Amino acid sequence: MRIILIGAGNLMTSLAPALRKAGHDILQVYSRTEHSATVLAAAVGCEAVTEVAYVRDDADVYIFSVSDRVLGELTDRVCGGRSGKLFLHTAGSIPMDVFRGKAVRYGVLYPMQTFSRTKVVDFCDIPCFVEGCDAATEAEIQALAASLSSRVYVLSSDARRYLHLSAVFACNFVNRCYALSASLLERHGIPFDVMLPLIDETARKVHVMPPAEAQTGPAVRYDRNVIDAQMSLLTEDPELQEIYRLMSESIHKGSHR
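Be aware that the sequence shown starts at -9, since it is given in this note's numbering, and climbs by one per residue.
Below you can see the structure in the form of structure tokens.
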């Protein structure tokens, strides 16, 4: 397929080379930021543009990976006058209908993974969730996704909202806990890398057992002596103390349902 990428952020840093590796022809990368567009375009050997007016008309597929707040504006500008083209977005929390009334053929290609510009992620095992405006379009999106990943699933916009919400808990909130742990350790001169074996083993356990069964620690049995002692260590940080309290209560309730 001949593809134009709208956006040059974290996800596109991995998606663009994956598309190229799968044999697709990337014609352009558009970004409002010249540096981002130029760097990504150079990585996949295509043209970089920073003005919507210069986005080419001869692609088969236009893939949007931009912030939710600008997606609506960009779809208005890019979809117009390109009837018959396929338009996709990659957002977990935005419904497919963002394209309704702007395009005839449209849908979603949502790769559920955490992405960053500094690390290119292999797409082969990334779960990709797709949706199309009709059966023929959905089949085409499935084929595109299957050229990237061995794990492709059809999922409605409504269900995808809960998938994305679940990913926030499993990834973003967990990573925030890593950051809080690192901050506590730093205050007392302890390197964060001492936590890595613990983090790795916790992650390995949920590959072979349900997360609720893998839960350990004082909150499972609600050991008040340990909990109260640790709460007292957080007296000077009320926000972190409240997080600790709420998490402990949630763990205890979850382990006794």
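From the three backbone atoms N, C-alpha and C, an ideal C-beta is built for every residue, glycine too. Nothing here was measured: the structure is a model prediction, and the numbers come from that model.
Host alpha helix (DSSP H) of residue i (start-end)
i     : result
C69   : D58 to C69
G244  : P228 to G244
L99   : Careful: L99 lies outside any alpha helix (DSSP H), inside the beta strand (DSSP E) at R95 to P101.
R10   : N0 to K11
I(-4) : It is not in any alpha helix (DSSP H) - I(-4) instead sits in the beta strand (DSSP E) that spans R(-8) to I(-4).
L23   : The question names Leu, but residue 23 is Thr in the sequence shown. Run containing T23: none; DSSP gives neither H nor E here.
M221  : R214 to L223
Contacts around residue i, its chain only, beta-carbon distance under 7 Å, and the 5 residues preceding and following it disregarded
i    : result
V196 : A204
S245 : A202, Q205 and V210
R151 : S83
A31  : V19, E37 and A38
A157 : G82 and M102
R67  : V42
L153 : G82, M102, F119 and L145
Beta strand (DSSP E) segment containing residue i, residue limits
i   : result
I16 : D15 to Y20
L76 : L76 to H79
V51 : V51 to F54
V45 : No beta strand (DSSP E) holds V45; DSSP gives it neither H nor E.
Whole-Å CB distance - residue i paired with residue j, under 8 Å assumed
i     : j     : result
P101  : Y143  : Not confirmed; about 11 Å, so no contact.
S137  : A12   : 4 Å
I(-6) : V45   : 6 Å
L61   : A81   : 7 Å
F54   : L64   : 6 Å
H14   : M(-9) : 5 Å
Residues of its chain near residue i, where Cβ-Cβ distance is below 8 Å and the 5 sequence neighbours each way are ignored
i    : result
R10  : I16, V34 and G35
E239 : A209
T23  : A(-2) and T40
I131 : L76, L78, G97, V98, L99, V120, E121 and G122
M237 : A209
V88  : L61, G62, T65 and H79
Same chain only: Cβ atoms within 6 Å of residue i, ignoring 5 sequence neighbours per side
i    : result
A135 : L99, C118, V120 and V142
F113 : A8, L138 and S139
F182 : A172 and L175
C69  : F77, K92 and A93
N0   : F105, S106 and R107
When the options are compared against residue i, the one with the closest alpha-carbon
i    : options                   : result
T192 : A160, M221 and D213       : A160
D50  : L175, R95, R177 and P187  : R95
C167 : V42, R59 and L230         : L230
S106 : E226, L5 and M(-9)        : L5
P85  : D58, V110, L224 and R67   : D58
R214 : P187, H242, M199 and I189 : H242
D124 : D218, L155, K109 and R90  : R90
V29  : Y52, T3 and G207          : T3
Can you check the region 120 to 145 for any alpha helix (DSSP H) of at least 4 residues that lies completely inside it and give the ranges in chain order?
Here the runs fully enclosed are 125 to 136.
Entirely enclosed alpha helix (DSSP H) segments - the region 150 to 209, minimum 4 residues
164 to 177, 186 to 195 and 201 to 204
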